[in-house]
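**Q**
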Ligand SMILES: [Zn+2]
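In this note's numbering, the protein residues as written are 852 to 934.
#1: Using DSSP's beta-bridge definition, name the partner residues of residue 897.
#2: Taking 7 angstroms as the cut-off, is the beta-carbon of residue 871 closer than that to any non-hydrogen atom of ligand 1?
#3: Between residue 906 and the rest of its own chain, which residues show a CB-CB distance below 7 angstroms, the 5 nearest in sequence each way excluded?
#4: Between the Cα of residue 901 and those of 909, 887, 908 and 871, spot the shortest distance and give me the residue it belongs to.
#5: Could you check the C-alpha separation between residue 861 and residue 874 for me, to the nearest Å?
#6: Is the beta carbon of residue 906 within less than 7 angstroms of some heavy atom of ligand 1?
#7: Which residue from 865, 889 and 870 puts its Cα closest to that of residue 879?
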């Protein structure tokens with residue numbers, strides 16, 4: 852079924868998103884991969900068997916940290932005297 856060499860990953864494999872895109876509709880927010888997966892721009896997926904995979908953006912795994920540029924270990928007034 853897959854004409855590519857090397858063959859695209861199976862839809863049930865961990866690397867399934869690496870399959871080639873054969874139909875792309877960015878204006879509609881989805882693409883069809885060679886292995887039958889429909890992948891959405893929010894990283895949600897629809898598998899060939901009808902199963903759905905919830906969006907799993909890498910940013911969802913990052914917990915909000917301290918504001919960039921502020922060092923919580925340094926008192927605020929130590930920076931003003933250093934300059
Ligand atoms: Zn393929």
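All C-beta atoms, glycine included, are put in the ideal place defined by N, C-alpha and C.
**A** Once the coordinates are examined:
#1: 889 and 903
#2: yes
#3: 893, 894 and 895
#4: 887
#5: 17 angstroms
#6: no
#7: 889
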